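Heads up: take any position in the sequence shown, counting from 1, add 9, and you land on this note's numbering.
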Amino acid sequence: MGTPNQEKHMAYGFLDIAITPSVRAAQAEMGADGLWTDFPGHRAFDRFTEAEAQFIADRDSFYMGTVSETGWPYMQHRGGPRGFLKVLDAQTLAFADFRGNRQYISAGNLRANDRVSLFLMDYRRRARLKIYAHAQVLALDADPALTDQVVVPGYRGKPERIVRLRLEAFDWNCPQHITPRWSEAEVAALQADSD
Numbered sequence: 010m011g012t013p014n015q016e017k018h019m020a021y022g023f024l025d026i027a028i029t030p031s032v033r034a035a036q037a038e039m040g041a042d043g044l045w046t047d048f049p050g051h052r053a054f055d056r057f058t059e060a061e062a063q064f065i066a067d068r069d070s071f072y073m074g075t076v077s078e079t080g081w082p083y084m085q086h087r088g089g090p091r092g093f094l095k096v097l098d099a100q101t102l103a104f105a106d107f108r109g110n111r112q113y114i115s116a117g118n119l120r121a122n123d124r125v126s127l128f129l130m131d132y133r134r135r136a137r138l139k140i141y142a143h144a145q146v147l148a149l150d151a152d153p154a155l156t157d158q159v160v161v162p163g164y165r166g167k168p169e170r171i172v173r174l175r176l177e178a179f180d181w182n183c184p185q186h187i188t189p190r191w192s193e194a195e196v197a198a199l200q201a202d203s204d
């Protein structure tokens, strides 16, 4: 346990990355600059626990942000069967990147800048997980064991590459303003339970 001063300035991980001088200025303008300085939940979120692993395994989609060489962010939806985003260990995720519209904007952005931001939603439970990571794009034949681990047999999507993600930091958001929604499969399960 550190001194009180060390604990006060303990790394938060996600906010250490997200809060820049311009963000601090915006917080100060809105009177929120003191909210995050002594935040009681300060700790480094740099390793997934069982709670994050289970949350990730339950998802059938997520949003991934990349940054272009011109500095513009690009947000892309990634989807597949439930659990297609795999937790390989406490700091590593991977997924088979399925063929989409063939614009390859995310794939191109990752050639210039390996930073990604993932946003995972559970609308039914009103929960969201934010992840900062570094991405490595691999050919399907680059690591056959990894490919076997992430390719989903029988899924109709055609995998074109593997994306391996090294966790930098993650954080959970509060449920405020998340409108509850249910997937078609969740509605069917609820109806089956009520029959």
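Glycine residues also receive a C-beta, built at the ideal position from the N, C-alpha and C atoms. Only a predicted model underlies this, so the values are computations on that prediction, with no experimental measurement involved.
Taking the C-beta atoms as reference points, Leu127 is found nearer than 8 Å to Ala142. Secondary structure at Leu119: helix, using DSSP grouped into helix, strand and coil. Pairwise C-beta distances place the stretch 77-94 in contact with the stretch 118-132, as three or more of them are shorter than 8 Å. Put simply, the backbone Cα of Arg33 is about 11 Å away from that of Leu44. Leaving aside the five residues that flank Pro184 on each side, the residues in its chain whose CB is nearer than 7 Å to its CB run, in chain order, Arg135 and Ala136. Straight-line measurement puts the Cα of Glu38 at about 52 Å from the Cα of Asp150.
Gln200: member of the alpha helix (DSSP H) spanning Glu193 to Ser203, first to last residue. Per DSSP, the unbroken alpha helix (DSSP H) holding Ser31 starts and ends at Pro30 to Glu38. For Gln145, the enclosing beta strand (DSSP E) stretches over residues Ala136 to Leu147. Below 8 Å, enough C-beta pairs join the stretch 53-64 and the stretch 99-119 to call them touching: three or more. In this structure, Arg133 lies near Arg190, with their beta-carbon atoms less than 8 Å apart. Taking C-beta atoms as the reference points, Arg170 and Val146 count as a pair closer than 8 Å.
Distance between Ala116 and Leu174, taken at the CA atoms: about 13 Å. Thr75 is bridged by DSSP to Tyr83. Of Asp202, Gln158, Tyr113 and Ala35, the smallest CA-CA separation from Val76 is found for Tyr113. According to the DSSP secondary-structure assignment, Val125 is paired through a beta bridge with Ala142. In the three-state reduction of the DSSP assignment, Phe57 falls in the coil class. In terms of Cα proximity to Arg108, the closest of Ala201, Leu24 and Pro168 is Pro168. Membership of Ile171 in the beta strand (DSSP E) is indicated by the continuous run Pro168 to Asn182. DSSP places Leu44 outside both helix and strand once states are collapsed to three, so it counts as coil.
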